[in-house]
Amino acid sequence: MDTKIQLSWMAICLFLTLPGATKHASCPVELNPPRVVVRYGDSVSVNCTTSTDPEGMGWEVTFGGIGLQGNVNFVTWTVESLMDWTIEPKCYINPQNGSQCTEILPVILYKTPDSVSISPLSHSGPMMEGKEYQLQCDIQNIAPLQNLVVRWYKGNETIETQTFNDSTKKPVNMSSTLTLTHRRYEDEVEYRCEAELDLGPEEPKPTALSSKPLHVTVYCKSFCFLLGVGGIKGLFNGLRDYSIPHTIFYQSDYTTGGAHKTDHATQLTPTH
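Each step along the sequence shown adds one to the number in full-length UniProt numbering, with nothing skipped, and position 110 is 110.
1. Please return the same chain residues whose Cβ sits closer than 6 Å to the Cβ of L197, not counting the five positions on each side in sequence.
2. Taking its Cβ as the centre, do 16 or more other Cβ atoms sit within 10 Å of S26, making it buried, or is it exposed?
3. Would you say C27 reaches chain C, if we count a Cβ-Cβ gap shorter than 8 Å as a contact?
4. Going by alpha carbons, who is nearest to S167 out of V29, V218, L145 and N32?
5. Which residues in the same chain have their Cβ closer than 6 Å to the Cβ of Q162, if we skip the five residues on either side of it in sequence?
6. Taking all protein chains shown into account, do 16 or more other C-beta atoms lie within 10 angstroms of the C-beta of F225, making it buried, or fewer, making it exposed?
7. Any contact between the region 107 to 125 and the region 78 to 89? By contact I mean 3 or more CB pairs, one from each, below 8 Å.
8. Rounded to whole angstroms, what's the CA-CA distance from T179 to P113? Just pull it up for me.
9. Who does T52 pair with in a DSSP beta bridge?
10. Helix or strand or just coil, what does DSSP make of Q146?
11. By how many angstroms is the C-alpha of Y219 removed from the C-alpha of G200?
12. Exposed or buried, which one is I93 when buried takes at least 16 other CB atoms within 10 Å?
13. To the nearest angstrom, how far is the alpha carbon of L68 from that of W59?
14. How long is the line joining the alpha carbons of E30 and G56, rounded to whole angstroms?
15. I need the DSSP call for P120, collapsed to helix, strand or coil.
16. For my contact list, Q136 and S119 are in at a C-beta cut-off of 8 Å; report their separation, rounded to the angstrom.
17. Whole angstroms is fine: what's the gap from P95's alpha carbon to V172's?
18. Let me make sure I understand the geometry here. Which of S99, H182, E80 and S122 has the alpha-carbon closest to that of V44?
19. Considering just the uninterrupted stretch of the beta strand (DSSP E) at S43, what are its terminal residues?
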């Protein structure tokens, strides 16, 4: 192959493989901090700096905007009380040669919930073992939704965690639902739910807000009792799903002076 043709192909290949050969340079500004997480109503301040010598620079924003400033290499955006949920600040720069470019400041404006409460869904009174029920956790006036984490607790154990894939930025009321089935002999069970905003590992960690505990009484399907020898003594623990208590009978053994109990189960017809 001709030497000139070889050199031409090498030049074309080199041009095509050079990093960024077909890309425009990014806007030569630096934001400090590069993103902000602000509680609703708090103040915020961000510097926009350039290492170039521009004709001018400024901030384009709905609150606290700064018009074109000449002969400067930094501008500071400051707001005493940030309350715009959809705010999108942009630092812009007008180079000596070339068109204007901008850098957007990511902003997360957050609000912790006013209240968190828990209640049974479409049910009242005791619950029966083996049957499916639902509990609802209501979170009032929280933002942003995509950062919300809801945790469900049974006693001190976390049994479910829920997150939300929703880009809504303004405060909303949100509900989380837990489906549960109780096991036999879970006489008394305590549930609660907790709402927390996860704003990132390096960001402020707002205090999680928990509901008051919900105490649930669980009834069983059958009437079970323990039977011994001799006289009978009854101990009432509350019969599940029946109008009379769940009864465990204990027997005193008069021949030995001790107490004996024998497992025996029978079926009792409900009274309702």
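Quick reminder that beta carbons are idealized off the backbone N, C-alpha and C, glycines included.
The structure says:
1. Once the five neighbours on either side are set aside, the close Cβ partners of L197 are Y110, N147 and P206.
2. Classification of S26: exposed, given that the 10 Å Cβ count is below 16.
3. Among the protein chains of the structure shown there is no chain C, as only one such chain exists.
4. Measuring from the Cα of S167, the nearest candidate turns out to be L145.
5. Correct list, in chain order: V150 and S176.
6. With a pLDDT of 44 at F225, under the threshold of 50, the predicted position of this residue should be treated as unreliable, though the coordinate-derived value follows. Buried, since its Cβ has 16 or more Cβ neighbours within 10 Å.
7. yes
8. 23 Å
9. Looking at the DSSP assignment, T52 forms no beta bridge with any residue, so it has no partner.
10. helix
11. So the alpha carbons of these two residues sit roughly 43 Å apart.
12. So I93 ends up on the buried side.
13. 8 Å
14. 15 Å
15. strand
16. 6 Å
17. 42 Å
18. E80
19. That residue, S43, is in no beta strand (DSSP E); it is neither H nor E in DSSP.
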